[in-house]
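Trainee: Please see the structure below; I have some questions.
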Amino acid sequence: MLEGAKLIGAGAATIALAGAAVGIGNVFSSLIHSVARNPSLAKQLFGYAILGFALTEAIASFALMM
């Protein structure tokens with residue numbers, strides 16, 4: 001029974017990581033679209049994208065810690 005609970009917990013953490021991966025994909029997809037629309041803001045938008053990446057990755061780290 002305890003082994004089953006461990007496997008369920010590992011599966012839940014994996015699902016959370018999949019959600020974080022989708023979020024990171026959305027961040028960089030939006031970066032590509034934004035730079036394509038306005039190339040002069042590429043440097044500023046990249047900074048925002050890195051911030052979004054870091055925050056999304058922090059959520060993934062918190063999910064693994066639980």
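Each residue of the sequence shown is one higher than the one before, starting from 1 at the first, in the UniProt record's numbering.
For glycine and all other residues, C-beta sits at the position ideal for the given N, C-alpha and C.
#1: Three or more C-beta pairs closer than 8 Å, one from the segment 48-61 and one from the segment 16-24: is that the case here?
#2: My output table needs one value for methionine 65: the three-state DSSP class, helix, strand or coil.
#3: Taking the Cβ atom as the reference point for each residue, do valine 35 and threonine 56 lie within a distance shorter than 8 Å?
#4: Give the secondary structure of asparagine 26 by DSSP, where H, G and I count as helix, E and B as strand, and everything else as coil.
#5: Measuring alpha carbon to alpha carbon, tell me which of Leu31, Asn38 and Ile15 ends up nearest leucine 51.
#6: Contact check, alanine 12 vs leucine 64 under 8 Å by CB: the rounded distance?
Mentor: Concretely, from the data shown:
#1: yes
#2: Here methionine 65 carries a helix assignment [DSSP, helix/strand/coil].
#3: Taking a C-beta distance under 8 Å as the contact criterion, valine 35 and threonine 56 do not qualify as a contact pair.
#4: helix
#5: Nearest of Leu31, Asn38 and Ile15 to leucine 51, Cα basis: Leu31.
#6: Not quite, the Cβ-Cβ distance comes to about 11 Å (not below 8 Å), so this is no contact.
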